[in-house]
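Encoded as structure tokens, the structure appears first; notes follow it.
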Amino acid sequence: MKLWGGRFTKEENKLVDNFNASISFDQKFYKQDIRGSKAHVTMLAKQGILTEAERDEIIACLDGILADVESGKLEIDDTYEDIHTFVEANLIERIGATGKKLHTGRSRNDQVALDMKLYTRDEVDEVKEVLYTLMKTLYKIIDENQETYMPGFTHLQKAQPVTLSHHVGAYFEMFKRDRSRLTDIRKRMNTCPLGAGALAGTTYPLDREYTASLLDFDSATNNSMDSVSDRDYLIEFLDALSIIMMHLSRFSEEIILWNSNEYKFIELDDSYSTGSSIMPQKKNPDIAELIRGKTGRVYGALMGLLTTMKGIPLAYNKDMQEDKEGVFDAIDTVKGCIMLFNGMISTAKFNDARMRKSAAMGFTNATDAADYLVEHGIPFRDAHGIIGSLVLKCIEKNCALDDLSMEDYKEACPAFEEDIYEAIKMETCVDKRNTKGAPGREAMKQFVEECGRYLKEEYA
Ligand code: ARG
88 MKLWGGRFTK EENKLVDNFN ASISFDQKFY KQDIRGSKAH VTMLAKQGIL
138 TEAERDEIIA CLDGILADVE SGKLEIDDTY EDIHTFVEAN LIERIGATGK
188 KLHTGRSRND QVALDMKLYT RDEVDEVKEV LYTLMKTLYK IIDENQETYM
238 PGFTHLQKAQ PVTLSHHVGA YFEMFKRDRS RLTDIRKRMN TCPLGAGALA
288 GTTYPLDREY TASLLDFDSA TNNSMDSVSD RDYLIEFLDA LSIIMMHLSR
338 FSEEIILWNS NEYKFIELDD SYSTGSSIMP QKKNPDIAEL IRGKTGRVYG
388 ALMGLLTTMK GIPLAYNKDM QEDKEGVFDA IDTVKGCIML FNGMISTAKF
438 NDARMRKSAA MGFTNATDAA DYLVEHGIPF RDAHGIIGSL VLKCIEKNCA
488 LDDLSMEDYK EACPAFEEDI YEAIKMETCV DKRNTKGAPG REAMKQFVEE
538 CGRYLKEEYA
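Note that this note's numbering has the sequence shown beginning at 88, numbered continuously upward.
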């Protein structure tokens with residue numbers, strides 16, 4: 088079924104039609120298409136371009152089509168080129184001549200620009216929502232684990248002791264930035280392209296600002312050529328989604344490491360792990376691996392659209408139809424990954440004792456031992472060397488700095504006193520670090536409060 092039979096004489100070619108069609112994927116926004124048409128018709132009637140009776144007839148019929156699609160009575164099938172054709176054809180079939188007036192002062196170019204924006208705008212809100220749910224889970228972990236000590240790493244080498252609360256807090260901050268990026272994008276994209284026509288506006292006296300307000304946009308777009316060919320907001324959205332995946336992927340990588348036999352910091356719930364068909368001992372972190380893996384397809388969607396858009400002259404070109412599948416897939420992937428990550432992390436069990444032992448056996452208090460000497464008048468460079476020699480001794484004896492005898496300490500440097508043991512205790516090492524953002528008790532108290540405030544303020 089074609090909207091443009093008039094100019095054509097030759098029979099259609101099935102292969103070409105299939106290649107050209109978008110209905111298999113743009114049916115995803117049938118709701119938005121109908122919503123846009125209803126707003127358009129309402130505006131046409133306000134401007135005297137349609138009568139009120141015509142408006143009411145069209146709107147009632149569009150509502151009927153929507154209801155029938157939702158109930159399954161009306162199936163969206165691929166005899167139509169796209170969702171716009173499908174809706175309009177059904178409208179005309181149901182109410183005849185009046186239905187033919189719907190497309191007055193409109194083109195599929197501004198129509199599809201609108202539909203995609205409406206669809207994406209809702210999805211921006213939804214991604215923010217699922218991220219919020221994940222952040223609530225993280226908040227619980229942060230709140231409850233301010234004294235769960237673990238090694239902090241640099242270069243994947245044990246560096247200084249931190250707490251689980253502090254470590255997970257880093258991800259809370261990342262997701263907070265991700266949500267604020269989405270808020271920014273939503274603000275910038277919130278202008279209405281409808282009424283831009285094919286590219287040069289229209290001769291009908293449309294009230295574009297009125298249509299924009301009916302559809303909850305801040306205003307109508309400023310330039311009709313830009314309106315039908317702007318896909319920046321999709322690129323920005325894919326960028327934000329890619330960064331979310333990058334964060335989830337890093338977190339997943341840590342979960343995978345922590346779940347390994349070597350670390351054993353965490354045990355994933357059976358429901359979020361899988362076994363091996365051959366090795367009975369295995370409990371694999373497949374969900375975390377899949378989230379890490381799916382990052383690739385979201386980056387792919389971003390690169391794909393950037394590449395599609397790079398050489399397109401103004402205004403609309405059919406290349407732009409390629410914006411949809413990648414974006415849809417990226418949205419579904421990201422939402423799914425966030426939800427599964429949330430389920431995985433909220434059911435996982437942290438092995439506090441194991442994390443603490445790992446921090447103790449990793450000389451994560453070596454900096455604090457050096458600082459102790461500095462407090463006793465030894466220059467930092469010398470202190471660094473002295474503690475280095477003690478670490479060597481520990482490696483020989485297979486013990487922690489805490490396990491060396493007073494004799495060992497005195498031999499390395501006479502400035503050591505009994506209180507060295509207190510100074511290098513895990514609790515002391517962490518709790519002394521109270522600069523803003525550090526893992527110490529006081530600093531963390533501020534941070535946890537700040538996280539709680541954020542969740543309260545953002546509660547929709
Ligand atoms: N399916 C098209 C798209 O997704 C709709 C716009 C068609 N416009 C046109 N002039 N052929 O971009």
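Backbone N, C-alpha and C fix where the C-beta goes; we use that ideal spot for every residue, glycine too.
A residue is called buried once 16 or more other Cβ atoms fall within 10 Å of its Cβ, and residue 103, having fewer, is exposed. Just measuring C-alpha positions, the residue of 519, 270, 521 and 464 sitting nearest residue 500 is 464. Just measuring C-alpha positions, the residue of 517, 516 and 533 sitting nearest residue 523 is 533. With respect to the 9 Å criterion, residue 137 and residue 188 are classified as neighbours on the basis of their beta carbons. The DSSP-derived three-state label of residue 366 is coil. Comparing C-alpha distances from residue 446 to each of 320, 148, 153 and 234 shows the shortest one belongs to 234. Where residue 166 is concerned, there is no enclosing alpha helix (DSSP H), because DSSP gives it neither an H nor an E.
Per DSSP, residue 191 is not a residue of any beta strand (DSSP E), being assigned neither H nor E. Annotated as proximal: residue 284 and residue 194, with beta-carbon spacing under 9 Å. Within the same chain, 334 come within 8 Å of residue 261 by CB-CB distance, once the 5 residues on both sides are set aside. Residue ranges of uninterrupted beta strand (DSSP E) with 3 or more members, entirely inside the stretch 193 to 275 and ordered along the chain, are 236 to 241 and 244 to 250.
The DSSP-derived three-state label of residue 107 is helix. Spanning the alpha carbons of residue 358 and residue 243 requires a straight line of approximately 29 Å. A straight line joining the alpha-carbon of residue 128 with that of residue 179 spans about 14 Å. Here residue 403 is not near residue 336, since their CB atoms are 9 Å or more apart. DSSP places residue 486 in the coil class of the three-state scheme, outside both helix and strand. Taking C-beta atoms as the reference points, residue 530 and residue 540 fail to come closer than 9 Å. Per DSSP, reduced to three states, the secondary structure at residue 140 is helical. The C-beta distance from residue 324 to residue 207 rounds to 6 Å, short enough to fall under 8 Å. Under the three-pair Cβ rule at 8 Å, the stretch 159 to 169 does not count as touching the stretch 242 to 259. When only Cα atoms are considered, residue 371 and residue 525 end up about 33 Å apart.
A Cβ-Cβ distance of about 31 Å is found for the pair residue 488 and residue 435, leaving them out of contact under the 8 Å criterion. Using a cutoff of 8 Å, the CB of residue 196 counts as near the ligand ARG, since one of the ligand's heavy atoms is closer than that. Your pair residue 381 and residue 424 checks out as a contact, with CB atoms roughly 6 Å apart and the cut at 8 Å. Shortest Cα-Cα distance from residue 401 to any of 313, 475 and 338 involves 313. With respect to the 9 Å criterion, residue 417 and residue 384 are classified as neighbours on the basis of their beta carbons.
Here residue 366 is exposed, its C-beta having fewer than 16 other C-beta atoms within 10 Å.
A Cβ-Cβ contact shorter than 9 Å links residue 512 with residue 452.
Here DSSP, grouped into helix, strand and coil, assigns residue 451 to coil. Contact between residue 395 and residue 406 holds, since their C-beta atoms are separated by about 6 Å, short of 8 Å.
Contact check between the stretch 297 to 305 and the stretch 223 to 241: fewer than three CB pairs, one atom from each, fall below 8 Å, which does not count as touching. Residue 307 has 279 as its beta-bridge partners, per DSSP. Distance from the C-beta of residue 403 to the nearest heavy atom of the ligand ARG is below 8 Å.
In this structure, residue 182 lies away from residue 120, with their beta-carbon atoms at least 9 Å apart. Assigned with DSSP and collapsed to three states, residue 437 falls in strand. Between residue 272 and residue 307, the beta carbon gap of about 19 Å keeps them out of contact (Cβ cut-off 8 Å).
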